[in-house]
Amino acid sequence: MSDPAGLAISLHRVDCLPVIQLENVTKTYPKASRPSLDDVSVGIEKGEFVFFIGPSGSGKSTIIKLLLHEVSPTQGKVMVNAKDVTSIRSWKIPHFRRSIGCVFQDFRLLPNRTAYENVAFALEVIGKTKAVSRRVVPEVLELVGLGGKEHRYPHELSGGEQQRVAVARAFVNRPLILLADEPTGNLDPDTSIEIMRLLDRINRTGTTVVMVTHDSNIVNQMRRRVIEIESGRIVRDQARGVYG
Amino acid sequence: MRLKYVLNEVLVGLWRNVTMTVAMIITMAVSLTMLGASVLLYMQVDQMKNFYYGEIEVSIFLRSDVTDAQRSAIDSAISANPLVANKTYETREEALERFQQLWKDSPEFVKSVGPNSLPESFRVKLKDPETYKTFTDQMTGMQGIQDIIDQRALLDKVFNIFNAIQVGALVVAGVMALAALLLVGNTIQVAAYSKRREVAVMKLVGASNWFIQAPFVLEAVVAGIIGAVLGFIFLFVSKVVLLDTKLQALTNILTPIDNGNVWLMLPLLAGVGALVSAATAWITLRFYLKV
């Protein structure tokens, strides 16, 4: 915990297993005429930064849901950290989710709690003590650039600042993977870039970042791995890609 | 810290929706009172059966023109009968004396009964009161017997009334319990809705299922226990007010209700109240908080 960044990077060097692996995954929702994901196979290494892009309804959000085990694949295997997600017993899923941080377009903060309390809440409901949050929360709020604004309520913060709180909450538990579902969807371009810098900084600590987005501007600036999905199939997987 | 958090959530939850909480507690209390009354009555009837059936006698009244030979024939027939535990003989004079003693508060009534209007009788106690029918069949047909009366038949009528009251109380308890359960379900739904954001975040960050559900379930359990305590108090007060004072006349017929039995209702009602609300809350959460 004292040096999570160093630890994560050294792990990365030793462990070459992909942290996320989809093997021939097909997902058909009940009553849907065609599958949302159709025989998708992809591997993501530890410490990677990956964009999933594609039009609405192409199936990119389904990937996030599969990784969180909110839905199960119709066919194929979803491996996270070398574990088959579908084989996790339902009562162990909460524990599994602690290794994944999540950020959404709509922030999903608790309106009646301050920035500090929002982050501390995430720690305390998984059994961490108040002493731990007193130590860790100011640190992570400082990391996301909210030093001095700990005691503001969400409505007293700008959209970008609210998303920073959300990122702090997702990252405070030092997850293996950070999933971001259109994290800049509600933000203006400048603020979006700041959030991307933040995600990039988090990625440099060794955290694998998977981001679903529409934002061509950001994808083009970041020059990271881009996986394009169309009608449930991967049509492009490029190491230092652009939106295209 | 987590315990403190959960308990705090329970209090906040109960207070947030206080009208509903009160409604939940009242229906729960009424339902549990009826349940307690029903159980008490059941125990009471059981106790009374034990008490009275032990005391029960079969009375064989003799005809007024009975001869000495007939009387001694009946006497020896009773003595020889293997079903009989013991017997006593009551003369007309003894019968009159007993009658006067019994009705000493109504001298007019006593005066209207002459020394010859009451029949002499054998009072027979059977080893097993259930064998009354066999015994009667064996005795009828003997010369000089006017009538054979079993007190059991009379008592059964009384017990039937008690049983009907008990079943009635149980039915009311059941109907009220249904209402209480629907209220618990509804309260939990409302609580789950008003905390939907917190629940969504907890699920997202991987809080365990029990931790998410515990405040809701405990909220229902606390309401159930408060309802049970109120129900118990109501039961206890009615016992004291009704049976020990107002209806004391009844207690000459009723065997006294044991205070221990009344106290026994507290854990019983609390247990039933807590368990039933917890189960209802938990089942409601299965539907409204897919975890």
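Sequence order for the protein chains is A and B.
Quick note on numbering: the first sequence equals residues 245 to 488 in the numbering used here.
Quick note on numbering: the second sequence equals residues -10 to 280 in the numbering used here.
The beta-carbon is built from N, C-alpha and C at its ideal position, and this holds for glycine as well.
Neighbour-count burial assignment, residue i, 16 or more Cβ in a 10 Å radius
i: residue 272 of chain B; result: exposed
i: residue 489 of chain A; result: Shown here, chain A extends from 245 to 488; a query on residue 489 of chain A therefore has no answer.
i: residue 372 of chain A; result: buried
i: residue 27 of chain B; result: buried
i: residue 293 of chain A; result: buried
i: residue 256 of chain B; result: exposed
i: residue 250 of chain A; result: A caution first: residue 250 of chain A carries a pLDDT of 47, below 50, which makes its placement in the model unreliable, though a value can still be read off. When all chains shown are included, residue 250 of chain A counts as exposed.
i: residue 246 of chain A; result: Note that residue 246 of chain A scores a pLDDT of 49, beneath 50, so its modelled location is shaky; the value from the coordinates is reported in the next line. With fewer than 16 other Cβ atoms within 10 Å, it is exposed.
i: residue 362 of chain A; result: buried
i: residue 150 of chain B; result: exposed
i: residue 192 of chain B; result: buried
i: residue 395 of chain A; result: exposed
i: residue 306 of chain A; result: buried
i: residue 347 of chain A; result: buried
i: residue 258 of chain A; result: At residue 258 of chain A, the pLDDT of 44 sits below 50, so the modelled position is not reliable; the number obtained from the coordinates is stated separately. Exposed, by the Cβ-count rule.
i: residue 433 of chain A; result: exposed
i: residue 166 of chain B; result: buried
i: residue 313 of chain A; result: buried
i: residue 142 of chain B; result: exposed
i: residue 404 of chain A; result: buried
i: residue 483 of chain A; result: exposed
i: residue 418 of chain A; result: buried
i: residue 402 of chain A; result: exposed
i: residue 290 of chain A; result: buried
i: residue 121 of chain B; result: buried
Beta-carbon contacts of residue i that lie in its chain and below 8 Å, excluding the five residues immediately before and after
i: residue -1 of chain B; result: 204, 207, 208, 211
i: residue 34 of chain B; result: 148, 151, 152, 155
Residue i - DSSP class collapsed to helix/strand/coil
i: residue 107 of chain B; result: coil
i: residue 359 of chain A; result: helix
i: residue 246 of chain A; result: Unreliable positioning characterises residue 246 of chain A in this predicted model, as indicated by a pLDDT of 49, which lies under 50. The coordinate reading is nonetheless provided below. Three-state result, residue 246 of chain A: coil.
i: residue 25 of chain B; result: helix
i: residue 465 of chain A; result: helix
i: residue 372 of chain A; result: coil
i: residue 115 of chain B; result: strand
i: residue 348 of chain A; result: strand
i: residue 192 of chain B; result: helix
i: residue 481 of chain A; result: strand
i: residue 174 of chain B; result: helix
i: residue 38 of chain B; result: helix
i: residue 329 of chain A; result: helix
i: residue 488 of chain A; result: coil
i: residue 393 of chain A; result: coil
i: residue 2 of chain B; result: helix
i: residue 213 of chain B; result: helix
i: residue 309 of chain A; result: helix
i: residue 321 of chain A; result: strand
i: residue 314 of chain A; result: coil
i: residue 252 of chain A; result: The pLDDT assigned to residue 252 of chain A is 45, lower than 50, so where the model puts this residue is not dependable, and the model offers no usable value.
i: residue 342 of chain A; result: coil
Anticipated Cβ contact below 8 Å, residue i with residue j, distance rounded
i: residue 109 of chain B; j: residue 81 of chain B; result: 5 Å
i: residue 422 of chain A; j: residue 410 of chain A; result: So it is not a contact: roughly 11 Å between Cβ atoms.
i: residue 455 of chain A; j: residue 443 of chain A; result: 7 Å
i: residue 133 of chain B; j: residue 52 of chain B; result: 5 Å
i: residue 262 of chain B; j: residue 217 of chain B; result: 4 Å
i: residue 177 of chain B; j: residue 29 of chain B; result: Contact flag wrong, Cβ pair sits at about 31 Å.
i: residue 424 of chain A; j: residue 390 of chain A; result: Rounded, the Cβ-Cβ distance is 18 Å, inconsistent with contact.
i: residue 334 of chain A; j: residue 473 of chain A; result: Contact flag wrong, Cβ pair sits at about 28 Å.
i: residue 46 of chain B; j: residue 114 of chain B; result: 5 Å
i: residue 436 of chain A; j: residue 428 of chain A; result: 4 Å
i: residue 447 of chain A; j: residue 453 of chain A; result: 5 Å
Same chain only: Cβ atoms within 6 Å of residue i, ignoring 5 sequence neighbours per side
i: residue 267 of chain A; result: 285, 320, 321
i: residue 258 of chain B; result: 21, 25, 217, 220, 221
i: residue 272 of chain A; result: 279, 318
i: residue 479 of chain A; result: 472
i: residue 85 of chain B; result: 104, 107
i: residue 265 of chain A; result: 287, 323
i: residue 76 of chain B; result: 67, 111, 113
Cβ-based neighbour list, residue i, same chain, cut-off 7 Å, excluding 5 preceding and 5 following
i: residue 270 of chain A; result: 279, 281, 282, 283, 317, 318, 319, 320
i: residue 55 of chain B; result: 133
i: residue 105 of chain B; result: 81
i: residue 213 of chain B; result: 17, 262, 263, 265, 266
i: residue 79 of chain B; result: 109, 110, 112
i: residue 185 of chain B; result: none
i: residue 464 of chain A; result: 486, 487
- Task: Ignoring anything shorter than 3 residues or poking outside the stretch 260 to 298 of chain A, list the beta strand (DSSP E) runs there in chain order.
- Result: 264 to 271, 281 to 288, 293 to 297
- Message: Which runs of the beta strand (DSSP E) at least 3 residues long sit entirely within the stretch 120 to 165 of chain B? Give them in chain order.
- Response: 134 to 139
- Query: What are the uninterrupted segments assigned as beta strand (DSSP E) that are 3 or more residues long and contained completely in the stretch 40 to 102 of chain B, given in chain order?
  - Reply: 47 to 51, 73 to 79
- Quick one: complete alpha helix (DSSP H) runs, 4+ long, within the stretch 397 to 473 of chain A? 403 to 415, 433 to 448, 460 to 466
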